[in-house]
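Here's the structure, in structure tokens; my notes come after.
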Amino acid sequence: MRQSAWRTASWIAISFAIAFLPCIGKGLRGDRQFGFRDAAHYYYPLYERVQREWDAGRWPLWEPEENGGMPLLGNPTAAVLYPGKLIYAAMPYPWAARVYIAAHVALAFAGTLLVLRAWGVSGTGSALGALTYAFGSPILYQYCNVIYLVGAAWLPLGFLAIDRWLTAGSRPAILGLTAVLAMQTLGGDPQSAYLLGLCGGGYAAGLAWIRSRSSVAEQAEPADGAEPTTGRRGRWWAIPLAVGLVVAWFYVTLRLAEILPRLRPTGEPTPALPWMRYVPLVMLGLWSLVGLRILGGWLRGGRRGRLGGALAGMAAAAVLAAGLSAAQLLPVLEFAGQTTRAEADGPHEVYPFSVAPYRVVEAIWPGIFGAASRTNSSWMDVFKFPGARQKIWVPSNYLGLMGLLLAVSAFGLRGGAPRRVWLSAIVLLGLLGGFGEYTSPIWASRAIAEATGWDVGDIGPQDHDQVTPIRRDRYLRDGDGGIYWLMTNVFPGFKQFRYPAKLLTFTCFGLAALAGMGWDDLMRGRRKRVIPLAAGLALLSFVLLILVLVNRRELIARLSGRGIVTLFGPLDPEAAIRDVTFALSQGAAVATALAVLAILAQARRGGGVLGGLALVAVAADLALANASLVTIVPQSLFDGEPDVAKLIREAEAKDPSPGPFRIHRMPIWSPPAWFLRSSPDRESEFVSWERATLQPKYGINLGIDYTYTKGVAELYDLEWFFVGFERSVHGATAKDLGVAEGTNIVVYPRRSYDIWNSRYFVLPSQSNGWTSEERGYASFLEGTEMVHPLSEFFHGKDNEAERRDWAEKHDYQIRRNLQAFPRSWIVRDFRPLPPLEQLSRRERGGPMQEMLHAGDLTWKDPNLPVYDPRRIAWIRGDDVPGLRPYLNGQPQKATETVKVSYPRPDRVVVEANLDAPGLVVLSDVYYPGWTLTIDDKSAPIYKVNMLMRGAAVEKGTHTLVFRYEPRSFRLGGRISIASLAISAILVLALAVRGRRPPPAADA
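Reminder that position 384 of the sequence shown reads as 384 in the numbering used here, one-by-one numbering, no gaps.
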């Protein structure tokens, strides 16, 4: 027995190494780094920023380098207090960044292995499930978005804790669930914790229903000689009922899609339906009533109280987890409550990253639709899938064909063990939810109408690629009325998480667990359908492979010249067909291998060797299919001074700024050369160019302050300053831009960037017609001078080739803003602001236009006045009486000075010299937790210009010190300490109880 266990453990270790080393091990080299997408430009600098604060002996509370300052502890993706971040304190930062990712992939594997073993799955089955989960592409690819890898890594242990509590009443399981929920929340993925709770609630309800039916069945035994009811005959009506419900769902949804646009109020931008703002409150009220009913049943006791007791245990775990993470959670909630996610007008964009249903094919044949990596072989864009083009969450959905087929064989929603039914339901609901907008009758009907020309009613056309959260033509969105839409409206707070594809993490775990169970069923001879499944799929793969090989030239010809381009270059038809061939070959080989293993298992041949071979096959399959998804680049790309930072430093040496300043780097754009030509080093080129041009967040550790960046969320009021919009241009402006009279172009409120201290603009070198937000930089030309390249470079006659090369490969320019405001200035006049009671467009539209309209070349409206923010501050009406003595209407004099410094991130020192009382404006964001002292005496901070800080200062020379001391952190810290003490007491109590000997039996 011991020898068999060692043999199994050896096979598990070997299979783990086979998968881990090609996928993750390649990044664990001193000269390499994980470097693609968010892993490079977002998390690498962000986590370094956090660690620098720890190294300086400070709490990482505030980050002044972005958006006029933003909370660092309140940024959930920063994961400031996550215990796993101790890795960064234990080793040099580049190594810690690698090990952090590798450790969580290993945790995902080990956690799944432990859970399945605890559920009675064999060692081989458990390892097979663990490989399927940890090295399946939907989980593995989260190395790019590491907070979701953290959530996925802890997820299996959460399922184990829920199951033990609900099925065995294990009290230690409540503490285990507490730990998992806290780790997921602190690690930056509170959505995983939320969804895990929903899964637990569904499991508890299902178990309560099963137990109640069992009790009823026991009380209603058939009379002597009577035939017992099988259950299946009594459900003959289920299928027609389900069909009827689907038909009714389609009919009602489509009728509402016709009616509701007519009821939508008018306005610009298009407002939400009036009652949608009340839906969250209504649903919260309904769930509260359900909770009260369950609570009442629990208090009354008996069978009806079982559900209440089960939910109470999980609720206790959730409350304790919230307490443990409160030091981070409260600042996060404080921040989220002031961002666009808390907008009163709603709704928010919830459908990006919907998974197109056809992509389930990738779970069978890895990479069959091609790949965009080094070369562009992604051929599905040749066929326009109905609806708006969706961003890709993961480039593949391959979990291993062997694991998938075993999971399908074990899948069942009726008649099985409750745990298996639970996992099957999670797989199904996670998949349907992951489809996002594609489960809506509106999307389906519009797609049919577009393809066939059928009249489906006045429900509008399909969403286009640039669709807004609320369509401008007033029609409903493609996804409205679908399953994911239902989730976002039924479950309180669900809408804040966005991105349907994130639900696939739960689908992956369910499939992985079922795969392990399916293996054991196969070895026991219970799942004979595996053989026809595998054999049939192998045959299908061989047939498709032959068809592709026979028609290879014709297929290549059909794909040629389609004009499909990505960042990895134009479509390579030969590479596309090569990928299809390889995918079908791999699918055929794996399906054949599973069929052979299944036949041997049915014949009871092979024993432990069979399991070992299965593990090696699964690991090799996953490594072969998914290792290429993990991108590593030279570590040197993250080191040194970026080109743009160096150029700005040199420009400042020649013409220094009188104080701190910000730069505005336009949103993400890419050099045309990437679209024109493929490259074997394209991923390295991404990192090199993006860092060279200071794409956020690369500059935050290099002394660069960004005016405006987009991340996990931005303050609602801040977005009003920087959002682009369309305007028509005329006369000299149209001529200078090279467009026809009256052409609509994308413009930005230039004054916003001026008053927020933007001294430099980093812009594309090409405008592409001024119609995209990524390249429409017309608003940043007036009142600027070229820093790099010099103007002569663009206008010389002898350097056409150099200009073309620059435009294609480098594609950036740096301009100094001659209209930039200083970081702080003095005003003595004001405009009153109306009461702002909620995050609403209606309250802010007028005042923001009044403040930002400068009458410049790209935004000149004769119906709007032009005010001067150097003399005027916009002040809340309630603050006006107290500020009257400081507002005599006089401008700032040349003898009056304001000097700003930042001795540490959470502190601002302003040295002000005033000839008369005035209002000192600081262009840092007004945010809860900031305090002010003037000459060491406490003073109020006024909210001015909608989001800036203001201070009423008397005549003379004064020192103003702003300190960030968030009450949310202090309160959260106390709650966390108390929760930690409670947890320790509970652990100790359970340990003592576990050691207590059982009572002696009566003699």
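Beta carbons are placed, not taken as given, at the ideal position from N, Cα and C, and that holds for glycine.
These figures come from a predicted structure and were not determined experimentally.
Three-state secondary structure (DSSP) of residue i
| i | result |
| --- | --- |
| PHE159 | helix |
| ASP224 | Because the pLDDT of ASP224 is 46, which lies under 50, any placement of that residue in the model is unreliable, and the question is left without a value. |
| GLY1012 | Any property of residue 1012 remains undetermined from this structure, which presents the chain solely from 1 to 1003. |
| PRO999 | Any reading at PRO999 must be qualified, since the residue scores a pLDDT of 49, below 50, and its modelled position is unreliable; the value itself is stated next. It is coil, neither helix nor strand. |
| GLU268 | coil |
| GLU726 | strand |
| VAL243 | helix |
| GLN338 | coil |
| GLY231 | Only weak support exists for where GLY231 lies, its pLDDT of 47 falling under 50; the value from the coordinates is given anyway. Three-state DSSP puts GLY231 in coil, outside helix and strand. |
| ASP621 | helix |
| ILE875 | strand |
| SER636 | helix |
| TYR777 | coil |
| LYS735 | helix |
| GLN813 | strand |
| THR933 | strand |
| ARG870 | coil |
| HIS104 | helix |
| PHE16 | helix |
| THR743 | strand |
| ASP579 | helix |
| THR784 | strand |
| ARG517 | Per the sequence shown, residue 517 should be read as Met rather than Arg. In the structure shown, MET517 sits in a helix (DSSP, three-state: H, G or I). |
Under 7 Å between C-beta atoms of residue i and residue j
| i | j | result |
| --- | --- | --- |
| ALA588 | PHE542 | yes |
| PHE821 | ASP754 | yes |
| GLY518 | LEU406 | yes |
| GLY479 | SER445 | no |
| TYR886 | LEU919 | yes |
| ALA619 | LEU131 | yes |
| GLY136 | GLN184 | no |
| GLY125 | GLY516 | yes |
| ARG815 | ILE872 | no |
| LEU594 | ALA513 | no |
| VAL866 | ALA912 | no |
| ALA257 | LEU476 | yes |
| VAL910 | LEU947 | no |
| GLY783 | LEU836 | no |
| ALA19 | LEU622 | yes |
Residue i versus the options, residue with shortest Cα-Cα distance
| i | options | result |
| --- | --- | --- |
| ALA110 | VAL290, VAL382, PHE509, VAL909 | PHE509 |
| SER288 | ALA513, VAL490, ALA651 | VAL490 |
| LYS697 | GLY35, TYR42, MET183 | TYR42 |
| ARG727 | ALA713, GLY776, TRP669 | GLY776 |
| GLY415 | ILE210, LEU254, ALA257 | ILE210 |
| VAL908 | PHE962, VAL925, MET948, LYS943 | PHE962 |
| TYR812 | ASN701, GLN695, LYS735 | GLN695 |
| ASN744 | ARG750, HIS730, TRP756, ASN757 | HIS730 |
| GLY972 | LEU324, PHE20, TYR748, TYR148 | LEU324 |
| GLY296 | LEU511, GLY460, ALA312 | ALA312 |
| GLU690 | MET666, ASP705, SER679, GLY703 | MET666 |
| ILE426 | THR566, THR505, SER354 | THR505 |
| PRO881 | ARG842, PRO905, TYR942 | TYR942 |
| LEU429 | LEU198, ASP455, VAL944, ARG389 | LEU198 |
| ALA538 | ALA557, LYS528, THR592, GLN390 | THR592 |
Beta carbon proximity, residue i to chain C, threshold 7 Å
| i | result |
| --- | --- |
| TYR716 | Chain labels in this structure do not include chain C; a single protein chain is all it has. |
Quick check: the segment 70-82 against the segment 38-58, are at least 3 beta-carbon pairs closer than 8 Å? yes
Within the chosen definition, does the segment 194-209 reach the segment 304-316 through at least 3 CB pairs nearer than 8 Å? yes
Run through the segment 358-410 for me and flag every whole alpha helix (DSSP H) of 4 or more residues, listed as ranges in chain order. 401-410
What alpha helix (DSSP H) runs, 4 residues minimum, are completely inside the segment 817-860? 841-852
If you pair each beta-carbon of the segment 958-973 with each one of the segment 928-940, do three or more pairs fall below 8 Å? yes
Tell me, please, whether the segment 165-181 touches the segment 317-325 by the rule of three or more beta-carbon pairs shorter than 8 Å. yes
Meets three-Cβ-pair contact criterion under 8 Å: the segment 58-72 and the segment 700-713: yes
Does the count of Cβ pairs from the segment 888-902 and the segment 46-56 closer than 8 Å reach three? no
With a cut-off of 8 Å, do at least 3 Cβ pairs link the segment 166-175 to the segment 268-282? no
Threshold first: 3 residues or longer. Then list the beta strand (DSSP E) segments lying entirely within the segment 26-97, N to C. 32-34
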